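J.: No gaps in the numbering here: position 108 of the sequence shown is 108 in UniProt numbering, and each next residue is one more.
Every residue gets a Cβ at the ideal spot worked out from N, C-alpha and C, and that includes glycine.
What you are looking at is a predicted structure, and each value in this text was computed from that prediction instead of being measured.
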Amino acid sequence: MTSLAERLLHAMNQKGYTQKQLAKKAKTSQVTISNILRGETLKPRNLVEIADALNVNTKWLQTGYGEETTDTLDKNEDSIVIDVLNVEASAGNGSNGDLVEVVSQLHYVPKQFYTYFRGINPSNIRVINIKGDSMYPTFSTGDMIFVDIKVNYFDGDGIYVFTYKNNIYVKRLQLAGEMLLVLSDNPTYKQWEITEENLEELHIQGKVKIHQSQQLNFIG
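Listed below in structure tokens is the structure:
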């Protein structure tokens with residue numbers, strides 16, 4: 001991350017903040033946040049307030065040097081921690097991997113978490129990244145998906161993370177008689193089937209509950 005805009009976007013993703021949410025917490029305008037993300041403002045006057053809102057080091061946010069995080073969150077408020085796993089779920093033709101290694105964490109204040117994940121135990125949520133374009137436009141490469149790992153079985157039609165024949169996928173699963181249809185949102189990808197005879201090779205890792213885009217969408 002070589003620019004203020006990149007570091008700010010990274011810190012916002014780590015906290016799960018939108019531009020509007022960060023602006024409110026930092027007591028500034030959404031235009032100010034947008035201008036920084038666009039690269040139009042390189043030395044914002046309220047950088048300290050923005051860094052405090054994100055619980056990151058002001059020097060790191062401005063220059064990229066020093067420790068990224070501060071311990072403000074731990075001291076001042078309880079937080080809900082969600083693990084980000086070291087695996088890319090393929091929205092294409094499958095990628096090798098397993099939902100094991102934790103590489104980073106997302107922190108939420110409880111009110112924010114329960115707004116996003118109504119009725120879900122935070123200990124059951126994991127975050128992984130998307131790779132491939134077969135689920136476009138729903139998901140794009142680099143997007144983060146939030147997966148409820150307690151749902152490790154077919155729980156009705158929906159988007160799942162699953163392994164099949166040692167490859168990991170994120171696809172829609174739809175029950176059709178005695179088989180499961182594996183569907184992509186991108187119409188250039190054909191559907192395929194998991195028959196009753198091959199169900200033992202299917203291992204559902206979780207059901208996708210929400211996703212966060214890595215794209216910056218500018219309007220106007």
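(1) Across the region 176-183 and the region 106-121, are there enough close Cβ pairs to call them in contact, namely three or more that are closer than 8 Å?
(2) Per the DSSP calculation, M12 is bridged to which residue(s)?
(3) Nearest by alpha-carbon distance to K43: which of Q174, A5, G66 is it?
(4) Terminal residues of the continuous alpha helix (DSSP H) containing K20?
(5) Who pairs with Q105 in a beta bridge, going by DSSP?
(6) Would you kindly report the start and end of the unbroken alpha helix (DSSP H) that includes L202?
(7) Starting from Y116, trace the alpha helix (DSSP H) in both directions and tell me its first and last residue.
(8) Under 8 Å: do the region 129-147 and the region 196-210 share three or more Cβ pairs, one atom per stretch?
(9) According to DSSP, which residues form a beta bridge with Q174?
(10) Among the candidates Q62, G66, L106, L9, whose CA atom is the shortest distance from the CA of L85?
(11) If we ignore side chains and look at the alpha-carbon of each, how far apart do M12 and V109 end up?
(12) Does the distance from the C-beta atom of E40 to that of A26 stay below 7 Å?
(13) Excluding five sequence neighbours on each side, which residues of the same chain lie with their C-beta closer than 6 Å to the C-beta of W160?
(14) Run through the DSSP bridge pairs and tell me what T163 is partnered with.
(15) Closest to N55 by C-alpha separation, out of G64, N35, E68, would be which residue?
(16) Name the DSSP bridge partner or partners of R126?
(17) Here's a check: name, in chain order, each residue in its chain whose Cβ is nearer than 7 Å to the Cβ of S104, leaving out the five neighbours to either side.
(18) In the DSSP assignment, find the unbroken beta strand (DSSP E) run with I120 in it and report its ends.
(19) By how many angstroms is the C-alpha of A23 removed from the C-alpha of A51?
(20) Excluding five sequence neighbours on each side, which residues of the same chain lie with their C-beta closer than 8 Å to the C-beta of I125?
(21) Do you know offhand how far Q21's Cα is from F154's?
T.: Working from what's here:
(1) no
(2) In DSSP, M12 forms no bridge with anything.
(3) A5
(4) 19-26
(5) D83
(6) Run containing L202: none in the alpha helix (DSSP H); it sits in the beta strand (DSSP E), 202-212.
(7) 110-116
(8) yes
(9) L181
(10) L106
(11) 14 Å
(12) no
(13) For the sequence presented, residue 160 should be read as Tyr rather than Trp. Around Y160: L173, I204, K207.
(14) I168, H203
(15) E68
(16) D83, V147
(17) V84
(18) Counting along the chain, I120 falls outside any beta strand (DSSP E), and DSSP gives it neither H nor E.
(19) 11 Å
(20) I82, F117, F146, V147, D148, I149, K209
(21) 35 Å
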